[in-house]
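A short write-up of the structure that comes next.
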Amino acid sequence: MKRSDSNSKDAGEGESIVPRVSALTKIRNYFLTGLVVAGPIGITLYLSWSLIQVVDGWVKPIIPAKYNPDTYFGLEVPGVGLIAALVTLTLIGFLTANIAGRTLINLGERVVARMPLVRNLYSALKQIFETVLRDSGQNFTKAALIEYPRPGLWAVVFVATSTRGEVATRLKNKAETVSVFLPTTPNPTSGFLLFVPKEDVIELSMSVEDAAKLVISAGLVSPDYPEILAELGEEITSTGSSRAGEKRRSGEPAE
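Reading the sequence shown from the start, the letters are residues 1 to 255 in UniProt numbering.
Encoded structure:
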């Protein structure tokens with residue numbers, strides 16, 4: 001009997017003890033999971049609805065009553081102002097693509113250029129819109145790493161283009177440089193323009209969008225690239241094997 005009791009005690013000690021999760025902990029986990037799922041959806045819907053209301057508030061008063069669906073339905077139809085704004089902007093773009101439209105635009109810009117205060121505001125706004133809404137071929141091309149603000153510290157940057165204009169002329173005797181944008185966290189729309197030697201820029205395989213997520217989340221959201229990790233793992237394995245072979249040939253003990 002004593003032997004069987006000791007065997008049962010040993011078996012009990014060998015078994016792993018599974019911690020019990022309290023009901024309150026389960027409820028908290030369920031709540032956090034629901035918040036993670038519903039939070040982005042709710043915020044997206046809220047911002048979309050707010051945008052629709054703002055545009056409707058601007059555009060609907062301009063629409064004649066006979067063309068406004070609210071007149072016939074007897075209630076406010078959301079999104080009418082947004083649709084009208086999209087159609088109007090599309091028509092403006094179509095008209096300005098023609099010779100007559102471009103002529104009118106140039107004439108209007110000449111008139112604005114003669115107004116002291118308005119011309120500065122118009123020029124700045126036009127440059128901002130052209131920069132933000134320009135073709136994707138002129139946007140950031142790659143995400144990369146540079147040593148900043150001192151050696152040993154690395155920062156994510158967006159590669160724009162090779163250095164051009166007067167800056168390139170002034171640096172013609174230096175190494176080839178590229179223009180990079182160093183975004184700030186958590187607002188990547190602000191940052192610094194840097195001209196960095198191309199050899200000091202380490203290009204990343206992640207897309208610009210994934211790099212922006214990494215910056216916005218302060219490193220909490222990091223994209224996974226299994227193929228890149230596998231490739232790096234193979235390089236590390238091959239490097240370790242070659243070093244071990246060199247040590248065996250030289251008679252040194254392997255680590």
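Every residue, glycine too, gets a C-beta built ideally from N, C-alpha and C. Keep in mind it's a predicted model, so treat the numbers as computed, not measured.
Beta strand (DSSP E) segment containing residue i, residue limits
i, result
"K142", "K142 to E147"
N- and C-terminal bounds of the alpha helix (DSSP H) containing residue i
i, result
"L91", "V80 to T96"
"N29", "A23 to V59"
"N106", "I99 to A113"
"P69", "P69 to F73"
Own chain, CB closer than 8 Å to residue i, minus 5 neighbours either side, in chain order
i, result
"A65", "T71"
"S190", "P183 and T184"
"L214", "V156, M206, V221, S222 and P223"
"I63", "V80, G81 and A84"
Same chain, Cβ closer than 6 Å to residue i, five either side skipped, listed in chain order
i, result
"G101", "L95"
"T161", "S179"
"I99", "none"
"Q28", "Residue 28 is actually Arg in this sequence, not Gln. Nothing meets the Cβ criterion."
"Y122", "V112"
Environment of residue i [buried if 16+ CB atoms lie within 10 Å]
i, result
"S224", "According to the sequence provided, residue 224 is Asp. The question's Ser does not apply to it. So D224 ends up on the exposed side."
"A211", "buried"
"V159", "buried"
"I43", "exposed"
"E105", "In the sequence as displayed, the identity of residue 105 is Ile instead of Glu. Classification of I105: exposed, given that the 10 Å Cβ count is below 16."
"I41", "exposed"
"I146", "buried"
"V36", "exposed"
"K2", "Note on K2: pLDDT 49, under 50, position unreliable in the model; the coordinate value appears next. Per the 10 Å Cβ criterion, exposed."
Own chain, CB closer than 7 Å to residue i, minus 5 neighbours either side, in chain order
i, result
"T177", "T163, L171, F195, V196, P197 and K198"
"A11", "Note that A11 has pLDDT 49, beneath the 50 cutoff, so the model's placement of it is unreliable and the number below is only indicative. Cβ neighbours of A11 beyond the five flanking positions: none."
"V59", "G81, A84 and A85"
"L193", "S179 and F181"
"A218", "T185 and P186"
"T25", "none"
"residue 256", "What is shown of the chain runs 1 to 255, which leaves residue 256 out entirely."
*Can you check the stretch 158 to 223 for any beta strand (DSSP E) of at least 3 residues that lies completely inside it and give the ranges in chain order?*
177 to 183 and 191 to 197
_the stretch 137 to 154 / the stretch 190 to 210 touching (three or more Cβ pairs under 8 Å)_ = yes
*Does the pairing of the stretch 108 to 120 with the stretch 78 to 94 give three or more beta-carbon distances under 8 Å?*
no
*Evaluate the contact criterion for the stretch 46 to 55 versus the stretch 73 to 82: three or more CB pairs, one atom per stretch, below 8 Å.*
yes
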